[in-house]
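This report refers to the structure that appears directly beneath it.
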Amino acid sequence: MEKPGVDEHPLLVERDENTAAPEAKRLLRLAGPLVASGILQCALQLVSVMFVGHLGELPLAGAALATSLANVTGFSLLVGMASALDTLCGQAFGARQYHLLGVYKQRAVLVLALACIPIALVWANTARILLLLGQDPAIAAEAGAYARWLIPALVPYVPLTCHIRFLQTQSIVVPVMASSAVTSLSHVAVCWALVHRAGMGSKGAALATAVSYSANLAILSLYTRLSGVCKTTWTGFSMEAFKELRQFAELAVPSAMMVCLEWWSFELLVLLSGLLPNPKLETSVLSICLNTGALMFMVPSGLCTAVSTRVSNELGAGRPQAAKLATRLVVCMALFAGSVISITMISLRKFWGYMYSNEEEVVTYIARMIPVLAISFFIDGIHTSLSGVLYGCGEQKIGARVNLAAFYLAGIPLAVLLAFVLHLNGMGLWLGIVCGSLTKLVSLIWIVLSINWEKEAIKAKYMVLGSSLPAA
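Here full-length UniProt numbering is used: position 320 in the sequence shown is 320, and no number is missing along the way.
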């Protein structure tokens, strides 16, 4: 059968628009919906934690710790492995090898589904694990119950994550945003029904996550099936998905490490906070800061995905200078967005805590932490955007090494020193991570400035040709 015609994807037609204004528009058209959908997806866990927070300090601490462990041992790993699709699908789409995208997505689902087996076992034994780590028994028991009720969320989460990447690499981002909006709004009602109406308490908040992920997956699947927008990239299930799994894993593993090493360093703050004096207060506050960070992180995350899509598409299409231009522009956007976010956070620092807790002690502590968080998120915004360039180039191994050095040779040791030796407690933990983020930023600036864009375009060409399959 003849391969799909190029006129079906107008974003990929040849153009002489390698100037800043047109490229900036393309980035913004991608980044805007990506930021919105990221915030809306992040809102699921935020809403769940908010509902639990109003049940009391102990349920909040338990849910926070369970969410932290679930992110460390599950969601971060799955998101990281799925991010291999940023490179594979993005470059294949740019090279007009549209039939490869559906095969790549199916391979990702298979590999991620297998990874869920040990993840579920860990979540089922969360209480025991936390006790071994020296956590408070009451908090560990509460966290264990919450984590067990999170296990059903893995079932829809795997195909949902892969499907979103599949769409994003084709610049199909508005439907993802719309679907996320519907499910996020309905999640409030689902949480209320399960937490209060059904009387499930914190367990209901965890189960509500699975319900909302399932709804999001159903909406996007129906859109793909009925709209016809993916008719050249999704041709149905294929046995080719079971082939070249090792090649997929060779990119998925460093992709996972790149995501996980940074994600784990932030989640480790919550675990360490449980070892500080007054663990309930420290754990609650650090968890709220982390959830705040996750919300604010959606802006640079959207820019990261946008530039990853643009860089991978352009390298796959053999246009290295367009990829270089996208990189320069996204850094400017990250600087502007980071400034706005930091100023906004500092302005609202006295009120932010009330969204999570009614405890005056918690609210006051959060207000003290906000200026440090603002600096942290400004730095994160820039290096996250630069990480998107590495995804687009398929250089996840380099990114993983940078994260290992920045956060585990610099950030975490400094955090422990400041918190436990100099007795700065939760403030010290986050200051240490700021140092790690700054180390990562300096490293990535040097790496990106050293990229040979022509060589990256040639490498992308051979990667796509090496995986080319007969069109269905």
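Idealized CB from N, CA, C, for every residue including glycine.
query, result
"Span separating the alpha-carbon of Ala-21 from that of Leu-28", "11 Å"
"Residues near Val-111 by beta carbon distance below 8 Å, same chain, minus five either side", "Met-81, Leu-245, Phe-248, Ala-249 and Ala-252"
"Continuous alpha helix (DSSP H) stretch holding residue 473: start and end", "A question about residue 473 goes unanswered here, because the residues of the chain that appear run from 1 up to 472."
"Local conformation of Leu-150 per DSSP, three classes", "coil"
"Within 8 Å, strictly: CB atoms of Met-258 and Asn-403", "yes"
"Rounded C-alpha distance that separates Leu-65 from Gln-106", "32 Å"
"Cα-Cα separation, Leu-58 to Val-464", "52 Å"
"Assumed close pair Ala-147, Leu-69 - CB separation to whole angstroms, cut-off 8 Å", "6 Å"
"Start-end ranges of the alpha helix (DSSP H) lying completely within the segment 217 to 298, minimum 4 residues", "245 to 273 and 279 to 296"
"Inter-stretch contact at 8 Å, needing at least 3 Cβ pairs: the segment 79 to 93 / the segment 310 to 322", "yes"
"At least three beta-carbon pairs within less than 8 Å, the segment 145 to 163 to the segment 185 to 192", "no"
"C-beta contact flag for Val-49 and Ala-36 at 8 Å", "no"
"Every unbroken alpha helix (DSSP H) inside the segment 391 to 415 [4 residues or more]", "396 to 405"
"C-beta atoms of Tyr-356 and Gly-53 nearer than 8 Å", "yes"
"Met-200 - containing alpha helix (DSSP H), residue span", "Where Met-200 is concerned, there is no enclosing alpha helix (DSSP H), given that its DSSP letter is neither H nor E."
"Distance, Ala-206 Cα to Leu-150 Cα", "5 Å"
"At least 3 beta-carbon pairs within less than 8 Å: the segment 282 to 302 vs the segment 431 to 448", "no"
"Cβ neighbour criterion (16 or more within 10 Å) applied to Thr-19", "exposed"
"Beta-carbon contacts of Ile-370 that lie in its chain and below 7 Å, excluding the five residues immediately before and after", "Met-345, Ile-346, Arg-349 and Trp-352"
"Chain-order list of residues whose beta-carbon lies under 8 Å from that of Gln-45 (same chain, five-residue window excluded)", "Thr-67, Thr-209, Asn-291 and Ala-294"
"Beta-carbon separation (whole angstroms), Ile-366 vs Ile-288, contact threshold 8 Å", "6 Å"
"Reduced DSSP secondary structure (H/G/I, E/B, other) of Val-47", "helix"
"Residue environment, Phe-93, which counts as buried when at least 16 other CB atoms sit within 10 Å", "buried"
"Ala-181 vs Leu-40 beta-carbon contact at 8 Å", "yes"
"Local conformation of Asn-71 per DSSP, three classes", "helix"
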